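I have placed the structure first, in the form of structure tokens, so that the comments after it can refer back to it.
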Amino acid sequence: MNLIFSISFALTFTLIHCSIPKTIQSPDENQFELSNEYLTVQFNLTNGQITSFYYKSELITITNETSFIFLDNISVDCSKLINYKEDMNSINFTYSCSNKTNYELIIIYTLKFDWEFLQKQISFENIDNKSITSIETTFTLTNKMISSVSIVQNKQDLNKQHTVFLRTKLTTLGIFATWQHPFGSYTVTSNNQTVTSSYKIGINKSYLSEGFLIGFYQLSPYWHTNDINYAERRAYENATNFFYPVPQRQQSIKHAVGWDSNDYQIDISTSHGVDEYKRLIDRCSQLGIKSLTFAPSNTNVSSRQQSTDDWGWESILWLSLGEQIRLEQWKPYRDPMPLTIQHMLDYAEFKQVKLVPYVYPPLGYRSKGKDQAWLFPSSHCKDVCASLASVEFQQYFLQLLIDFAQTTGIGGYAWDYNFFYDTKNSEYSQWRGWQWIRTELLIALPYLIMDHRYASQFDGPWSWITLNGYTSPLLSDENPETYPILHPSLHTDKISADFMRQGNVELRLEHFSSMDSIPGFIGHQTERLASDGSLPWVDNNLRDFDLMGFSYSLLSNIATAGLNLIHTFIPARDLEEFYFLPEELIEFWSYWLKWADEHIEEIRNSIPFNTEQDWSLMRSNGIDGFLFLFNPNYKQMNRTILFDGKLNVKNPQQQGPQRLLLFICIQNPNDQWNITAQVNNNPIIVHKAYNTRDHYEQNRFMGFYLDLTNIVKQSNVNYYLSLNMPPLIPEQFQGLFLENIERIFVEA
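Taking mature numbering (1 follows the signal peptide of the UniProt record, and there is no 0), I'd label the letters of the sequence shown as residues -18 to -1, 1 to 730.
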């Protein structure tokens, strides 16, 4: 087809005007502002309430922005403002409470650099040590009509809610509100204009709440679910990312869980057991796996018959010192390390593998003269458990964890059995104590990784920021006899991989999890139970590696949990499986572990994008990346994939040869010029081209062009172009040239 493109253009030259910043009117004496690049918050200094937000050219006015505290289930009126204190990033309002005491309530608002949300905290000095029953906060929108609302439940615990999203009627503005803990309850009333949130506390000491966030975003055209927009997931995840106690990792965690190789069957007090466990360490070292959850038997040090947990595993905790530590028979720095344990620590260090012990926090830890502050009767710990709500226990346990890590050189901790058994204290107070312990532990020893097993998945994204590791793999128990078969297969690794991908999709989309917290599950756990239902504590099911299903599992992990490459069964305990594992598989395995470290940016941005649970791993530029497509079936499947924002792809056809471009050829162009254009009297965007992909540098500027792909659709049609350009010197303007027209080769 011959294309006739007739251009009639008039060049109108105008001067380029420099833009002058707008002058912002100073607020009056009764107003105060917190402001950053994205958000401005205005307060009324006569009552301490927020009056408006200004977000990316959108004004949001609110009223009735108040907070309430309940003591012994009775609401206390703390509405009389008596003082306020301004700071660079925050303002504090102090209110007196209308009762006979000297109670005061302090509301702290914070807006830091790069935050697209405001944080509100509530502080109460509990001078009479009354029970703080609950807190409630509310606000009402006055100038925005809300067309839709989603209150997002925690699918792992339907008694909990993550957040509330509000979407405006006439614009793409969205608003979210959330507490920085898993216990907030949210309601929206008054034609979707009023948001109220509360939670139960159950603390009788002075109290500073976690933050209540009010955040903003621009809705995306794309939706993960009917209740969660792409921009909503991103805004919530971005908010959590500001509160990690340690910097986000720039390498993946490469970890193996000895438990999934049934390492409790190995007795390291015997030479046979030592050799067998060394093979597990050797395999990790060979593959570049840097840490190993270490939970063998050690009959020289502990006995299963002395365990106090319901499951009967205490003898393998704390590198097998769990029973002695609980009874204060062994203490870090005070007592020498048993030789059986020190030998394995030394060997692992020689192989550059860090050992990671299991720890059960609520067991009945003794400390002479102190433990009466935290022990309470409970059959879950045989006689007594420790309460995580106890400040005294929190301080004791934190120091124990720090001391143990420093004296042993371990690489982290694997938490389990972390249930809140103390019925006399609220679940929230126990969660808060556990959150404090993990946060302070990371601040003290930021290199520690944290493996989380059963129950962590119930607590949501604000619990996971303290992990420096990952939440519970599979969102369930990891034994193959306990989770469903989603797609028929003869390979247990494939079955576990399909189930893992389903759980990781839920974590990423419906729990707003960052990739830093999503757990891998490479391979499968060897079945523990024998055919008669017994639990063998001797060598059993040693040769269990799924040679043909493993690669499917490994790639499922790279795509959906690439920052936490957690290995289950390791082919090492069986001698033949250890020595005859194919070299090609070892190379494939090692290659993908290294690949993850080379593509941290893509992994951190990865998202699932269809019902088949395929994943897109894109760089932040939205141009470069990878698609991981999975066929869980045996029959051939076809995929139709649209390269658009669902894949985190930006401008997917930017360099495509199918586009018809009109190049405005100018010698020495300046990307600061303002050039405008019209085709047939209709405005058209003038694009700028750079010789880079993910950033714009002035010295890499190639020139201006028009995209005519969706304009020129017919042949033999005249199109009229007008350009508005700055003054140019003679011969600087070279002409207009169509790009991506098929070339015709001619002979000279």
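The C-beta atom is built at its ideal place from N, Cα and C for all residues, glycine as well.
Treat the numbers as computed from the prediction; the structure is a model and nothing was measured.
- Excluding the 5 residues flanking it on each side, A541 has same chain C-beta neighbours closer than 6 Å at W597 and F610, in chain order.
- Secondary structure of T28 (DSSP, three-state): coil.
- Taking a cut-off of 8 Å for Cβ pairs, the segment 383 to 398 and the segment 157 to 174 do not touch, as fewer than three such pairs fall below it.
- For T28, the closest C-alpha among the options Q13, Y218, F50 and V58 is that of Q13.
- Under the three-state reduction of DSSP, A671 is assigned to strand.
- CA-to-CA, the gap between Y246 and G294 works out to about 12 Å.
- Close CB contacts of S438 within its chain, under the 6 Å cut and outside five residues either way in sequence, are with T453 and S454 (chain order).
- Within the same chain, and ignoring the five residues on either side of G270 in sequence, the residues whose Cβ sits closer than 8 Å to its Cβ are K236, S572, L575 and K576.
- Going by beta carbons, F198 and F225 fall outside the 9 Å limit.
- Of the residues assessed, M530 falls on the exposed side of the cut-off, its CB having fewer than 16 other CB atoms within 10 angstroms.
- Residue environment for V699: exposed (fewer than 16 other C-beta atoms within 10 angstroms of its C-beta).
- Where W161 is concerned, the enclosing beta strand (DSSP E) starts and stops at L155 to W161.
- With 16 or more neighbouring CB atoms inside 10 Å of its own CB, F503 falls in the buried class.
- With fewer than 16 other beta carbons inside 10 angstroms of its own, G391 counts as exposed.
- Only residues of its own chain outside the window of five on either side were considered, and among them I467 and S471 have a CB closer than 7 Å to the CB of I477, listed in chain order.
- In the three-state reduction of the DSSP assignment, W356 falls in the coil class, being assigned neither a helical nor a strand state.
- The straight-line gap separating the alpha-carbon atoms of G415 and S116 is approximately 17 Å.
- Under the 8 Å Cβ criterion, the segment 215 to 230 does not count as touching the segment 552 to 570, having fewer than three qualifying pairs.
- Sequence-distant Cβ neighbours of S533 in its own chain, meaning closer than 7 Å and more than five residues away, are F570.
- The beta carbons of K182 and S408 sit closer together than 9 Å.
- For R149, the enclosing beta strand (DSSP E) has its first and last residue at Q143 to T150.
- Per the coordinates, the alpha-carbon of L457 lies some 26 Å from the alpha-carbon of N630.
- Between the segment 215 to 223 and the segment 188 to 204 there are three or more C-beta pairs closer than 8 Å, enough to call the two in contact.
- H493 carries a coil assignment under DSSP once its states are collapsed to helix, strand and coil.
- When secondary structure is reduced to three states using DSSP, Y20 falls in the coil class, being assigned neither helix nor strand.
- Separation of T122 and T593 (C-alpha to C-alpha, rounded to the nearest whole angstrom) is 37 Å.
- DSSP places N211 in the strand class (E or B) of the three-state scheme.
- Among the bridge pairs identified by DSSP, K62 is matched with S78.
- Its chain contains H469 and D480 as the residues whose beta carbon lies nearer than 6 Å to that of P614, once the 5 sequence neighbours on both sides are disregarded; these appear in chain order.
- Taking C-beta atoms under 8 Å as the contact rule, Y259 and M326 qualify, at a distance of about 7 Å.
- By the 16-neighbour rule on beta-carbons within 10 angstroms, P278 is buried.
- Counting along the chain, A543 sits inside the alpha helix (DSSP H) bounded by residues F532 to A543.
- The continuous alpha helix (DSSP H) containing K576 extends over residues E565 to E580.
- For V170, the uninterrupted beta strand (DSSP E) run begins and ends at S167 to T171, by DSSP.
- DSSP, read as helix, strand or coil, puts F95 in coil.
- Between the alpha carbons of W241 and S297 lies a gap of roughly 13 Å.
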